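Heads up: the sequence lines are chains A and B, in that order. First residue of the first sequence: 1, per our numbering; consecutive thereafter. First residue of the second sequence: 1001, per our numbering; consecutive thereafter. The beta-carbon is built from N, C-alpha and C at its ideal position, and this holds for glycine as well. All of these numbers come straight from a predicted model, not from anything done at the bench. Take a look at the structure set out below.
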Amino acid sequence: MTDSSKNPPLLSVQGLVKEFHMRSQRGGRRKRVVQAVTNVSFEVARGETLGLVGESGSGKTTVGRCVLRLIEPTSGTVTFEGRDLAHVDVEEMRNLRRKMQIVFQDPYASLDPKMTVGASIAEPLVVQGVPGNHEEKVVSLLELVGLAADHARRFPHEFSGGQRQRIGVARALALDPALIVLDEPVSALDVSIQAGVVNLFADLQARLGMSYVFIAHDLSVVRHIADRVAVMYLGKIMEIGPAEQVYEHPTHPYTKALLSAVPVPNPRVERQRSRIMLEGDVPSPVNPPSGCRFRTRCWKATELCATVEPVLEMRATGQLSACHHPEA
Amino acid sequence: MSAPVLEIRDLTVTFTTPLGPLAAVRGIDLDVRAGEMLAVVGESGSGKSVSFLAAMGLLPKTATITGSVLLDGRQLVGASSKELRAVRGQLMSMIFQDPLSALNPVHRVGDQIAEMLQAHQKLSDKAAKARSVDLLEIVGIPQSGDRALQYPHEFSGGMRQRVVIAIAIANSPKVLIADEPTTALDVTVQAQILEVIQKVQKQFGTAVVLITHDLGVVARVCERVNVMYAGRVVERAEIGDIFDAPSHPYTRGLLASLPQAGVERLSPIAGFPPNMLRPPAGCAFRARCPHAVAECGETLPTLRQIGASHSACIRAEEVLTSS
Ligand SMILES: Nc1ncnc2c1ncn2[C@@H]1O[C@H](COP(=O)(O)OP(=O)(O)OP(=O)(O)O)[C@@H](O)[C@H]1O
Ligand SMILES: Nc1ncnc2c1ncn2[C@@H]1O[C@H](COP(=O)(O)OP(=O)(O)OP(=O)(O)O)[C@@H](O)[C@H]1O
Ligand code: SF4
Ligand SMILES: [Mg+2]
Ligand SMILES: [Mg+2]
């Protein structure tokens, strides 16, 4: 983890748990509890990008929403700028909230079609009660994300997917956040357009110094943008550490399998690669496996894996992983 | 080189829309050879799905189709809906991104496979049932006998896509069109489904058309590639040439925009695709193209041979030699 003695992290998440209680499907009285996030801890330094990867349902979005307190965690603490978000008053929460923003996957759904782009971008300023005329600010935000001043008067349907995502980013930037959670921010975009938006994130960070939690399915995009990566599986972090180490020397079998499943756009390399084929699908988060949650699909699993839950341990290559039989 | 089983010639598809005619497919030539794994890639909205929906006779009445689609010598453009029904599932099948849309939620999956079998073959119920269990086994569903009795909602996303493949290949079609079959799946499940599709291709000699955005997937399983842009095929090449020596600027731009280890800054393609309600004159990529010259706006470029590949760029020679 980052050296917190010298430089306290911007965000610190400790022992985060989020359970969803749902009525049983057949209308019975037994409630089902979805363990969406179980005992997740990580830190994000100022100006740093943490990538959050893992298969569908692994809890990435839930972590992001808990961090922003869009949903209440079941337990655990989220500390932002040194303050425990569970113990701040309404006024302070309001202040902290403007420093944390989120950008969603779907640029189509996240903008109000009836509002001009300018009004959409100014909305957070209005909601936060920032005084004054926001026109100038809106223009500077549009220019910051690579759009033009006269785009402010137009409506979302007049823009392409990549442009709409830029509008969403401009809106998130309106309140000068210190942290932006980017939840699959380029997944809905064409490859040729994705690259421009990814560059935009990098440029903005270089200029403004904010931190990102970058959630994505696309492991190659995460590798490109993240300083550190956390790999989630069924609500838990399996491995976390510097991006280069996690990608080059994965120590958790799941990380290894995940990376080996991602096709490389180079036929020579791709056809020579050995692949680890995982059997079956991810088990249900309502009833996760005992011990290690990955054991039902793991080729290294032993009796120990079924009985004792592995904890995150530091490996020689500099990352933490939770496995009884780590890769060397 | 095996002969084409599906021959598409000068296919156009135009939709009647409230805003006027939309030229979705603007004259494509494309061959699918028997038993091959062919990739169709390209920008969103470039006409990949519409081209093959047209071939399958699955487009709404608002679509006007011209040109020729020969499947094993039969003309499909202008064929009656009865003829097309006989072809679908028998000679050519299509699967999609969302397996649920292809499955009937209230029928057991085994019955759905049996129904497809009996629609095209004279089979007793018993034989159809036994064959559907075999098919589930072929696509890698364990305990296929028990699973045949279950309903789609009892299957995971990956397992549903396997069921859809089982239905699609039930009658051993000559061509399987797979339109983004793994886009909605996790990578570990995607790897499994790609293996199933490859197994079908190899074991039964089914030609597969794989429509995808993912050039990594193309690199993994395909032999030849057609690249589409704005309703046209702009490049056609063997897999190695597409990646090593792309001869159309769009293909080059697409490859350059991918994140690569060691590359600090990504290179997007500038601008956006044209509005197909008003397609530009000449090459549709011109406004985004770093190689464009005035001549590019004059005539619609057609595919021509460049080395071992085909490119629809009038400057393909320069493109190939530029760094
Ligand atoms: N509001 C909710 N009620 C019940 N269960 C939920 C709720 N939100 C999420 N879940 C469940 O919690 C688990 C984690 O979901 P989450 O959306 O965080 O996953 P994710 O990693 O973001 O997945 P994806 O990659 O598909 O976006 C899943 O099993 C999901 O079904
Ligand atoms: N039923 C329809 N009516 C009108 N226009 C349509 C219809 N279906 C498709 N189109 C239009 O035809 C064009 C080609 O669409 P198509 O679905 O073939 O694109 P695609 O290449 O498959 O894209 P994607 O990668 O996003 O799936 C697009 O402009 C699309 O909006
Ligand atoms: S703890 Fe066991 S089951 Fe879990 S990943 Fe390691 S070897 Fe596999
Ligand atoms: Mg999510
Ligand atoms: Mg499509």
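When distances are taken from the beta-carbon of residue 1254(B) to the heavy atoms of ligand 2, even the shortest one reaches 8 Å or more. Residue 257(A) has a beta carbon lying within less than 9 Å of a beta carbon in chain B. When DSSP states are grouped into helix, strand and coil, residue 253(A) belongs to the helix group. For residue 89(A), the nearest beta carbon of chain B is not closer than 9 Å to its own beta carbon.
In chain order, the residues that have a beta carbon nearer than 7 Å to some heavy atom of ligand 5 are 1048(B), 1049(B), 1179(B), 1180(B) and 1211(B). Taking 9 Å as the Cβ-Cβ cut-off, the region 134 to 164 of chain A approaches chain B at 160, 161, 162 and 163, given in chain order.
Taking a beta-carbon distance threshold of 9 Å, residue 265(A) counts as an interface residue toward chain B. Contact of residue 1231(B) with chain A by beta-carbon distance below 7 Å is absent, the smallest such distance being about 16 Å.
Under the 8 Å Cβ criterion, the region 1043 to 1054 of chain B counts as touching the region 1169 to 1188 of chain B, having at least three qualifying pairs. Residue 1131(B) and residue 1117(B) do touch by the CB rule: their CB atoms are close to 6 Å apart, below 8 Å.
Counting other Cβ atoms within 10 Å of its Cβ, residue 1064(B) stays below 16 and is therefore classed as exposed.
Going by C-alpha positions, residue 1234(B) is about 29 Å away from residue 1087(B). Close to chain A, meaning a Cβ-Cβ distance shorter than 7 Å, is no residue of the region 1120 to 1149 of chain B at all. Under the Cβ criterion (8 Å, minimum of three pairs), the region 1230 to 1245 of chain B does not count as touching the region 154 to 170 of chain A. If you ignore the 5 residues before and after residue 60(A), its C-beta comes within less than 7 Å of the C-beta of 52, 54, 215 and 232, all in its own chain and listed in chain order. Residue 1035(B) is positioned such that its CB atom lies closer than 9 Å to that of residue 1201(B). Buried is the label assigned to residue 1037(B), since at least 16 other Cβ atoms lie within 10 Å of its Cβ. Annotation for residue 146(A): 166 and 200 place their beta carbon closer than 7 Å to its own, counting only its chain and skipping 5 residues before and after. Distances from the CA of residue 1289(B) to each of 1273(B), 1308(B), 1279(B) and 1302(B) were compared; the closest alpha carbon is that of 1273(B).
Taking the Cα positions, residue 1136(B) is about 29 Å away from residue 270(A). Any Cβ of chain A closer than 9 Å to the Cβ of residue 1196(B) would place that residue at the interface, and such an atom is absent. Pairing residue 1153(B) with residue 66(A), the inter-Cα distance amounts to about 30 Å.
With its beta carbon at least 9 Å from every one in chain A, residue 1311(B) lies outside the interface.
Within the region 140 to 215 of chain A, the runs of beta strand (DSSP E) that reach at least 3 residues and sit entirely inside it are, in chain order, 179 to 183 and 211 to 215. Chain B places no beta carbon closer than 9 Å to that of residue 227(A), leaving this residue out of the contacts.
Close to residue 319(A), with beta-carbon spacing below 8 Å, lies no residue of chain B; the smallest spacing is near 18 Å. Counting C-beta pairs closer than 8 Å gives fewer than three between the region 1006 to 1020 of chain B and the region 309 to 323 of chain A, which falls short of the contact rule. With a cutoff of 8 Å, residue 285(A) counts as near ligand 1, since its C-beta is closer than that to a heavy atom of the ligand. With 16 or more other CB atoms across the displayed protein chains lying within 10 angstroms of its CB, residue 1174(B) is buried. Closest in alpha carbon position to residue 107(A), among 114(A), 159(A) and 195(A), is 159(A). Any Cβ of chain A closer than 9 Å to the Cβ of residue 1163(B) would place that residue at the interface, and such an atom is absent. For residue 1011(B), the pairing in a beta bridge is given by DSSP as 1028(B). Secondary structure note for residue 1126(B): its alpha helix (DSSP H) is the uninterrupted segment 1125 to 1138. Residue-level contact check: residue 198(A) touches chain B, since one or more beta carbons of chain B fall below 9 Å from its beta carbon.
Note that the C-beta distance between residue 204(A) and residue 103(A) is not below 9 Å. In this structure, DSSP gives residue 87(A) a helical state, which the three-state scheme calls helix.
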